[in-house]
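Novice:
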Amino acid sequence: MAATSRLDTSPVAVWWRTVDRWFLAAFLSLMGLGIVLSFAASPAVAERIGLDSFHFATRQIIFTLPALGVMLLVSFLKPRQIRRLALFMLIAMLICMVAVLFLGVEVKGARRWLSFAGVSIQPSEFLKPAFVVMCAWLFAEHKRQPDIPGNFFAVGLLIVVVTLLVAQPDMGQTILVLGTWGIMFFMAGLPWFWIALLGGLGVGGGFVAYEMFDHVRGRIDRFLTGEGDTFQVDMGRDALINGGWFGVGPGEGTVKRVIPDSHADFVFAVAGEEFGLFLCFVIMVLFAFIVLRGLSIALKEHDDFTRYAVGGLVVVFGLQSVINMCVNLQLMPAKGMTLPFISYGGSSLIAIAISMGMVLSLTRKKPEKRRQMGLGASVPPHSVPAE
4 MAATSRLDTS
14 PVAVWWRTVD
24 RWFLAAFLSL
34 MGLGIVLSFA
44 ASPAVAERIG
54 LDSFHFATRQ
64 IIFTLPALGV
74 MLLVSFLKPR
84 QIRRLALFML
94 IAMLICMVAV
104 LFLGVEVKGA
114 RRWLSFAGVS
124 IQPSEFLKPA
134 FVVMCAWLFA
144 EHKRQPDIPG
154 NFFAVGLLIV
164 VVTLLVAQPD
174 MGQTILVLGT
184 WGIMFFMAGL
194 PWFWIALLGG
204 LGVGGGFVAY
214 EMFDHVRGRI
224 DRFLTGEGDT
234 FQVDMGRDAL
244 INGGWFGVGP
254 GEGTVKRVIP
264 DSHADFVFAV
274 AGEEFGLFLC
284 FVIMVLFAFI
294 VLRGLSIALK
304 EHDDFTRYAV
314 GGLVVVFGLQ
324 SVINMCVNLQ
334 LMPAKGMTLP
344 FISYGGSSLI
354 AIAISMGMVL
364 SLTRKKPEKR
374 RQMGLGASVP
384 PHSVPAE
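In my numbering, the protein residues as written are 4 to 390.
1. For Ser187, is the classification buried or exposed, using 16 other Cβ atoms within 10 angstroms of its Cβ as the cut-off for buried?
2. Suppose contacts are defined by Cβ-Cβ distances below 7 Å. Is Ala267 in contact with Asn331 by that definition?
3. With distance defined between alpha-carbon atoms, name the residue in Leu36, Ala16, Val17 and Trp19 nearest to Val285.
4. Is Arg367 helix, strand or coil by DSSP?
5. Looking only at its chain, what residues have a beta carbon closer than 8 Å to the beta carbon of Phe79, apart from the 5 residues adjacent to it on each side?
6. Could you check what DSSP says for Leu117 in three-state terms: helix, strand or coil?
7. Between which two residues does the alpha helix (DSSP H) holding Val164 run?
8. So what does DSSP say about Ser123, is it helix, strand or coil?
9. Could you spell out where the alpha helix (DSSP H) holding Gln176 opens and where it closes?
10. Is the beta carbon of Ile124 sitting closer than 7 Å to the one on Leu130?
11. Once you ignore the five residues that flank Val164 on each side, which residues in its own chain have a CB closer than 7 Å to its CB?
12. Assign Leu40 to one of two classes, buried (16 or more other C-beta atoms within 10 Å of its C-beta) or exposed (fewer than that).
13. Give the DSSP-derived three-state secondary structure of Glu304 in the structure shown.
14. In terms of residues, what are the limits of the alpha helix (DSSP H) holding Gln235?
15. For Val108, which three-state DSSP category applies?
16. For a cutoff of 7 Å on Cβ pairs, would you count Gly256 as touching chain C?
17. Suppose you measure from the CA of Lys369 to the CA of Asp264; what does that come to, to the nearest Å?
18. Quick check: what's the CA-CA separation for His145 versus Ala354?
19. In whole angstroms, what separates the C-alpha of Gly360 from that of Thr183?
20. Please classify Thr166: is it buried, with 16 or more other beta-carbons within 10 angstroms of its beta-carbon, or exposed?
21. State yes or no: is the C-beta of Val270 within less than 7 Å of the C-beta of Ala44?
22. Could you check if Gln63 is buried or exposed, using at least 16 other CB atoms within 10 Å of its CB as the buried criterion?
23. Does the stretch 236 to 256 come close enough to the stretch 278 to 296 that 3 or more CB-CB pairs lie under 8 Å?
24. In whole angstroms, what separates the C-alpha of Thr21 from that of Arg367?
25. If you draw a straight line from the C-alpha of Glu109 to the C-alpha of Val103, how long is it?
26. With contact counted as at least three CB pairs below 8 Å, one residue from each stretch, are the stretch 90 to 104 and the stretch 50 to 58 in contact?
27. Give me the residue from Met34, Leu302, Ala170 and Lys81 with the minimum Cα distance to Phe344.
28. Please say whether Pro336 and Ile223 have beta carbons closer to each other than 7 Å?
29. For the alpha helix (DSSP H) holding Met340, just list the boundary residues, first then last.
30. In chain order, what residues of the same chain have a beta carbon less than 6 Å from the beta carbon of Ala60, not counting five sequence neighbours either side?
31. Apart from the five residues just before and just after Ala301, which ones in its own chain have a Cβ nearer than 8 Å to its Cβ?
32. What does a CB cutoff of less than 8 Å around Met74 pick up in its chain, not counting 5 residues either side in sequence?
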């Protein structure tokens with residue numbers, strides 16, 4: 004059977020032999036946890052606004068199925084096709100980001116959503132993986148041919164994206180994009196002078212945001228002083244404390260019932276209350292494993308584009324998870340950012356699935372490695388066309 008399977012050259016068989024199964028298992032585990040925790044976190048929210056108890060849990064399952072399909076479909080693509088997909092997404096989402104400013108639905112003073120025929124999407128969620136992949140390509144092209152101003156174009160793209168995010172305003176996504184871009188630029192060999200300069204600009208931008216945006220100032224002031232409306236973050240902390248090490252049991256949480264966004268931004272706190280800090284550590288280990296494995300693979304990769312893209316995609320994934328968990332633990336001001344694969348939300352779930360599908364695609368074993376394993380014909384490496 005083993006010999007037969009090695010001779011099977013169907014796309015699915017080749018994909019199964021080359022895909023990183025550790026990544027795949029980690030992603031599927033997080034998706035499964037997202038469904039389980041939606042049943043724990045969402046009924047109280049649904050009942051509070053007059054919906055069926057399992058309205059959000061059912062929708063989470065409905066979102067997860069296409070997200071899984073999209074992730075697997077994207078993982079079949081070749082690096083060249085990943086670049087083309089990212090370029091198409093980037094152009095489409097930049098147009099949508101401009102449209103949001105004029106046609107978007109305003110929620111809590113911010114315009115971040117577009118609604119088409121009853122379906123709402125958050126363009127910034129889909130913009131992130133496209134932005135990361137295109138910046139990776141620009142950095143790689145500049146390194147391959149220094150006369151190509153790839154770094155200059157990457158800076159220009161960053162300015163455009165950040166400007167559109169600040170205009171919404173969405174400071175959480177802005178911080179996420181800036182942090183990821185800076186790490187990618189560092190991976191591309193940025194001199195220390197530029198690292199210090201960009202760091203200084205980032206700090207300066209934070210002060211400007213504090214002075215210009217009332218909601219930013221309010222969140223930071225509430226975090227530092229504990230004064231004002233801190234109800235939700237206080238309840239998130241209390242839920243974690245109430246759960247202890249092993250939780251109060253599925254469906255037995257009481258603090259979760261009064262957290263307004265328990266199914267979305269504060270699902271980590273619900274996990275702590277009902278399943279204990281033990282499950283919280285498991286979730287953190289899963290995220291850390293994905294990030295560390297991704298960076299380890301990126302560091303060993305010889306192709307610059309693949310190295311920067313994989314590194315950037317797992318960094319943005321990891322930073323988003325860290326921000327969400329830190330807010331739940333009262334270690335950061337509230338940001339309104341979802342926990343990847345676990346929080347409720349169709350746009351976030353499908354966008355993250357696309358992003359991690361790209362990671363699965365770019366980390367698949369290369370033809371040279373497959374030949375060394377006896378999975379392909381004995382052909383000199385230089386005879387295989389580059390992607």
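No residue lacks a Cβ here, since even glycine has one placed at the ideal position from N, Cα and C.
Specialist: Straight from the coordinates:
1. Mapped onto the sequence shown, residue 187 falls at position 184. The question names Ser, yet the displayed sequence has Met at residue 187. Per the 10 Å Cβ criterion, buried.
2. The sequence position of residue 267 within the sequence shown is 264, counting from 1. The sequence position of residue 331 within the sequence shown is 328, counting from 1. Cβ atoms of Ala267 and Asn331: not closer than 7 Å.
3. Position 282 of the sequence shown holds residue 285. Per the Cα distances, Leu36.
4. Start at 1 with the first residue of the sequence shown, and residue 367 comes out as number 364. It is coil, neither helix nor strand.
5. In the sequence shown, counting from the first residue as 1, residue 79 sits at position 76. The residues are Pro14, Trp18 and Ser364.
6. Working through the sequence shown from its first residue, we reach residue 117 at position 114. Residue state, collapsed to three classes: strand.
7. Counting from one through the sequence shown, the residue named residue 164 turns up at place 161. First-last of the alpha helix (DSSP H) with Val164: Gly153 to Ala170.
8. Mapped onto the sequence shown, residue 123 falls at position 120. Strand, per DSSP.
9. Position 173 of the sequence shown, counting from 1, holds the residue named residue 176. Gln176 -> alpha helix (DSSP H) spans Met174 to Met190.
10. Your numbering for residue 124 matches position 121 in the sequence shown. Your numbering for residue 130 matches position 127 in the sequence shown. Their beta carbons are not under 7 Å apart, which means Ile124 does not touch Leu130 by this criterion.
11. Position 161 of the sequence shown, counted from the first residue, corresponds to residue 164. Cβ neighbours of Val164 beyond the five flanking positions: Leu130, Phe134 and Val180.
12. On the sequence shown, position 37 is the one that residue 40 refers to. Flag for Leu40 reads buried.
13. One-based indexing of the sequence shown puts residue 304 at position 301. Looking at Glu304 - three-state DSSP - the assignment turns out to be coil, as it is neither helix nor strand.
14. Residue 235 sits at position 232 when you count from the first residue of the sequence shown. Looking at the DSSP string, the run of the alpha helix (DSSP H) that includes Gln235 is Phe234 to Gly246.
15. Within the sequence shown, numbered from 1, the residue matching residue 108 stands at position 105. Note: Val108 maps to strand in three-state DSSP.
16. The structure shown has no chain C; it contains just one protein chain.
17. As a position in the sequence shown, residue 369 is number 366, starting the count at 1. As a position in the sequence shown, residue 264 is number 261, starting the count at 1. Cα to Cα, Lys369 sits roughly 43 Å from Asp264.
18. Here the question's residue 145 lines up with position 142 in the sequence shown. Here the question's residue 354 lines up with position 351 in the sequence shown. Looking at the two C-alpha atoms, the distance is approximately 28 Å.
19. Taking the first residue of the sequence shown as position 1, residue 360 is located at position 357. Taking the first residue of the sequence shown as position 1, residue 183 is located at position 180. Rounded to whole angstroms, Gly360 to Thr183 spans 18 Å at the Cα level.
20. The residue labelled residue 166 in the question sits at position 163 within the sequence shown. Counting Cβ neighbours within 10 Å, Thr166 comes out exposed, since fewer than 16 surround it.
21. The count along the sequence shown starts at 1 and reaches residue 270 at position 267. The count along the sequence shown starts at 1 and reaches residue 44 at position 41. Closer than 7 Å, so yes.
22. For this step, residue 63 is matched to residue 60 along the sequence shown. It is buried - the Cβ of Gln63 has at least 16 other Cβ atoms within 10 Å.
23. yes
24. Taking the sequence shown and counting its residues from 1, the one referred to as residue 21 is at position 18. Taking the sequence shown and counting its residues from 1, the one referred to as residue 367 is at position 364. Take the alpha-carbon of Thr21 and the one of Arg367: they are about 5 Å apart.
25. Here residue 109 refers to the residue found at position 106 of the sequence shown. Here residue 103 refers to the residue found at position 100 of the sequence shown. Approximately 9 Å between the Cα atoms of the pair.
26. no
27. For the purposes of this step, residue 344 is taken as the residue at position 341 of the sequence shown. Comparing Cα positions, the closest option is Met34.
28. Sequence index remark: in the sequence shown, residue 223 carries index 220 (1-based). Sequence index remark: in the sequence shown, residue 336 carries index 333 (1-based). In contact: Ile223 and Pro336 (Cβ atoms closer than 7 Å).
29. Residue numbering aside, residue 340 sits at position 337 when the sequence shown is read from its first letter. No alpha helix (DSSP H) contains Met340, which DSSP labels as neither H nor E.
30. As a position in the sequence shown, residue 60 is number 57, starting the count at 1. Counting only Cβ-Cβ distances below 6 Å, and skipping sequence neighbours, we find Ser41, Phe42 and Ser45.
31. Translated into positions along the sequence shown, residue 301 becomes position 298. Met190, Thr309, Arg310, Tyr311, Val313, Gly314 and Val317, listed in sequence order.
32. In the sequence shown, residue 74 corresponds to position 71, counting from 1. Within the same chain, Met74 has close Cβ partners Phe30, Ala356, Ile357, Met359, Gly360 and Leu363.
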